[in-house]
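Trainee:
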Amino acid sequence: VRKRILFVGEGIALAHVARAAVLAGWAKEAGHDVSFACSERYADVACREGLEPIPLRTIDPALFFSRLSQGRFMFTVKDLKDYISGEIKLIGEVRPDLIVGDFRLTLPISAALSGIRCMSLLNSHLSPAAKRNLTAPEGGFFGLLPGPARRALFSTIRPLAYRLFAAPLDRVRRDLGLPTFSDFREHYSAGDCCAYLDLPEFAPVDHMPANHFYLGPVIWRPRGFALPALGALGLDRPLAYVTIGSTGDGGWLPKILESLLAMGCDMAVSGIGQTEAGELRRRLPALAGRSLMGRILDPTQILERAMLTVCHGGSGTVYQSLEASVPVLCFPSNADQRIVVQAVEASGTGLVGDGTRVGEQIAELIAGRCGAKTQWMASCIRCNDTRGRWLKFLTIESSPNHSMSAWPIRSFEWECASACAQEEGVRA
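Under this note's numbering, the first residue of the sequence shown carries the number -13, and numbering increases by one thereafter.
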């Protein structure tokens, strides 16, 4: 049955728009009637996926991350009410059968008020069932405390913090006659169902709610850009793929590039404009002939040659790299990235950057420290078939009963694990 589906990507980060756009593109290819909404900031991403984006307001990403770094909720009550007003208007115009949102926290509210089924897209570390806890804020009051004291205090108050963090959302829900939640992560995964854009092997959860399931990583690749002209980069020296993403802190970049040069690496650096690239080359003349820089580089060919990725720890870049069996060295700058990096470290697929021994860490990854675990994770990504699982979900969603119990979650996970185990046995 052909469905009319409205996709919404929250424009505070590229990943939330890009992942939703990829899923929308797959749904469109399968014959569904697709509408896509996002902020104008990332409208070009949707256009390059063959979509016609509808403008939808998003707060300034800088304001979002500033509030988050201080331990405050990212949206005010006014922000949330403005979001809901715009969403309800959009829903009335599109009249969808299903709404799919990536980190658009008000969308489940708007969908409920409009009587439309809603799916939330989420990384599993933000699920109420997540095994790993979020780290203490490093700004605001907590920023005044030394690291050990900050972590100890936050550990003590974490249950209260989880309850109160999203108080503005609870207030809005209460005002609209909707139930409130005891954990802010319930807001993140609200809706009729929640799909984790992760692998259970990489980011496991405990006691997954019945209406949650692992869809798998949605790996976005920029379309419509010229392939990077690598030339001889990475042929005679190790190649590093370097990116700060759309939400990373570029302050560490000069030191990283200097360390890579010292370790004899070539590098392809994404996320750098012409002005920034010129400044880096003036500061580090040895980059001439050893580097390629660009605002957006398609990493596919780069990762075929790369021996490591140096990044901010965003899940999109991490999965791009792991799919290509490339280990990651991560320098996170916000709470979300820090918890992704915990998964990287726990899975043995990369390292948390240490500013006092960056050169040693680069050498360790080039020498193959994380090679076996990274190859195993790549095989898990190949086995998962996110696109196939997504189209299967849409087939089930299109059936008359709309029952999540029909979704064979455990079967898919067993088949993936079994196939990965067999592949490991063949390689051994």
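In this text, a Cβ means the ideal position worked out from N, Cα and C, and glycines have one as well.
1) Which residues bound the beta strand (DSSP E) around residue 420?
2) If we count the other Cβ atoms within 10 Å of its Cβ and call it buried at 16 or more, is residue 347 buried or exposed?
3) Starting from residue 11, trace the alpha helix (DSSP H) both ways and give me its first and last residue.
4) Give the C-beta separation of residue -5 and residue 2 to the nearest angstrom, bearing in mind that I take them to be a contact with Cβ-Cβ under 8 Å.
5) At what residues does the beta strand (DSSP E) containing residue 229 begin and finish?
6) Grab the span of the beta strand (DSSP E) containing residue 415 for me, first residue to last.
7) In this structure, how does DSSP classify residue 277 when only helix, strand and coil are distinguished?
8) When we look at the beta-carbon of residue 328 and count the other beta-carbons within 10 Å, is it buried (16 or more) or exposed?
9) Starting from residue 295, follow the beta strand (DSSP E) in both directions and report where the run begins and ends.
10) With a threshold of 7 Å (Cβ to nearest heavy atom), would residue 170 be considered close to the ligand GTP?
11) Report yes if the C-beta distance between residue 171 and residue 113 is below 8 Å; otherwise report no.
12) Can you list, in chain order, the residues of its chain with a C-beta nearer than 7 Å to that of residue 207? Leave out the 5 residues immediately preceding and following it.
13) Is the distance from the Cβ of residue 376 to the Cβ of residue 49 below 8 Å?
14) Could you tell me how far apart the beta carbons of residue 204 and residue 372 are, in whole angstroms, since I believe they sit closer than 8 Å?
15) Does DSSP put residue 167 in a helix, in a strand, or in coil?
16) Inspect the beta-carbon positions of residue 289 and residue 310 and report whether they are closer than 8 Å.
17) From the DSSP output, which residues share a beta bridge with residue 289?
18) Can you name the residues that DSSP bridges to residue 87?
19) Need the endpoints of the alpha helix (DSSP H) that residue 69 sits in, please.
20) Hey, would you say residue 270 sits closer than 8 Å to residue 243, going by beta carbons?
21) For residue 21, which three-state DSSP category applies?
22) Excluding the 5 residues flanking residue 7 on each side, which residues of the same chain have their C-beta closer than 7 Å to its C-beta?
23) Indicate whether at least one CB of chain C lies closer than 8 Å to the CB of residue 358.
24) Determine the contact status of residue 293 and residue 276, defining contact as a CB-CB distance below 8 Å.
25) Within 10 angstroms of the Cβ of residue 116, are there 16 or more other Cβ atoms? Answer buried if so, exposed if not.
26) Quick check on residue 97: does DSSP put it in helix, strand or coil?
27) Please classify residue -3: is it buried, with 16 or more other beta-carbons within 10 angstroms of its beta-carbon, or exposed?
28) Looking only at its own chain, which residues have a Cβ that is under 7 Å from the Cβ of residue 393, when we skip the five neighbours before and after it?
29) Is residue 240 buried or exposed, if buried means 16 or more other CB atoms sit within 10 Å of its CB?
30) DSSP state of residue 264, grouped into three classes?
Mentor: Reading off the structure:
1) Lying before the first or after the last residue shown, residue 420 is absent from the chain, which here runs from -13 to 414.
2) Taking the first residue of the sequence shown as 1, we reach residue 347 at position 361. With 16 or more Cβ atoms within 10 Å of its Cβ, residue 347 is classed as buried.
3) For the purposes of this step, residue 11 is taken as the residue at position 25 of the sequence shown. Residue 11 -> alpha helix (DSSP H) spans 0 to 15.
4) As a first step, residue -5 must be located in the sequence shown, where it is residue number 9. As a first step, residue 2 must be located in the sequence shown, where it is residue number 16. Right, the Cβ-Cβ distance comes to about 5 Å (below 8 Å), so this counts as a contact.
5) Residue 229 sits at position 243 when you count from the first residue of the sequence shown. Counting along the chain, the beta strand (DSSP E) containing residue 229 begins and ends at 225 to 229.
6) Only positions -13 to 414 of the chain appear in this structure, which leaves residue 415 out of reach.
7) The residue labelled residue 277 in the question sits at position 291 within the sequence shown. Residue state, collapsed to three classes: strand.
8) Sequence index remark: in the sequence shown, residue 328 carries index 342 (1-based). Flag for residue 328 reads buried.
9) The sequence position of residue 295 within the sequence shown is 309, counting from 1. Residue 295 -> beta strand (DSSP E) spans 294 to 297.
10) The ligand GTP is not among the ligands present in this structure, which contains no ligands whatsoever.
11) As a first step, residue 171 is located in the sequence shown; it is residue number 185 there, counting from the start. As a first step, residue 113 is located in the sequence shown; it is residue number 127 there, counting from the start. Closer than 8 Å, so yes.
12) Position 221 of the sequence shown, counting from 1, holds the residue named residue 207. Answer for residue 207: 284 and 286, listed in chain order.
13) Here residue 376 is taken as the residue at index 390 of the sequence shown, counted from 1. Here residue 49 is taken as the residue at index 63 of the sequence shown, counted from 1. Their beta carbons are not under 8 Å apart, which means residue 376 does not touch residue 49 by this criterion.
14) Counting from 1 along the sequence shown, the entry for residue 204 is found at position 218. Counting from 1 along the sequence shown, the entry for residue 372 is found at position 386. Their Cβ separation, rounded to whole angstroms, is 6 Å, which keeps residue 204 and residue 372 in contact under 8 Å.
15) Residue mapping note: residue 167 aligns to position 181 of the sequence shown, counting from 1. Under the three-state reduction of DSSP output, residue 167 falls in the coil class, being neither helix nor strand.
16) Counting from 1 along the sequence shown, the entry for residue 289 is found at position 303. Counting from 1 along the sequence shown, the entry for residue 310 is found at position 324. With respect to the 8 Å criterion, residue 289 and residue 310 are classified as neighbours on the basis of their beta carbons.
17) Counting from one through the sequence shown, the residue named residue 289 turns up at place 303. Partner residues in a beta bridge of residue 289, as assigned by DSSP, do not exist.
18) Here residue 87 corresponds to residue number 101 of the sequence shown, with the count starting at 1. Residue pairing by DSSP places residue 87 opposite -6 and 106 in a beta bridge.
19) In the sequence shown, counting from the first residue as 1, residue 69 sits at position 83. 63 to 80 is the extent of the alpha helix (DSSP H) around residue 69.
20) Counting from one through the sequence shown, the residue named residue 270 turns up at place 284. Counting from one through the sequence shown, the residue named residue 243 turns up at place 257. The answer is yes: Cβ separation under 8 Å.
21) Here residue 21 corresponds to residue number 35 of the sequence shown, with the count starting at 1. In this structure, residue 21 counts as strand in the three-state DSSP scheme.
22) Sequence index remark: in the sequence shown, residue 7 carries index 21 (1-based). Excluding residues within five positions, the ones whose Cβ falls inside 7 Å are -5, 22, 31, 32, 35 and 37.
23) Here there is only one protein chain, and chain C is not present.
24) Translated into positions along the sequence shown, residue 293 becomes position 307. Translated into positions along the sequence shown, residue 276 becomes position 290. At least 8 Å separates the beta-carbon of residue 293 from that of residue 276.
25) Within the sequence shown, numbered from 1, the residue matching residue 116 stands at position 130. Of the other Cβ atoms in all chains shown, 16 or more fall within 10 Å of the Cβ of residue 116; this residue is therefore buried.
26) In the sequence shown, counting from the first residue as 1, residue 97 sits at position 111. Residue 97 carries a helical assignment under DSSP once its states are collapsed to helix, strand and coil.
27) One-based indexing of the sequence shown puts residue -3 at position 11. Buried.
28) Numbered from its first residue, the sequence shown carries residue 393 at position 407. Its pLDDT being 49, under 50, residue 393 is placed unreliably in this model, and the coordinates cannot settle the point.
29) Start at 1 with the first residue of the sequence shown, and residue 240 comes out as number 254. It counts as exposed.
30) As a working mapping, residue 264 is identified with position 278 in the sequence shown. It is helical.
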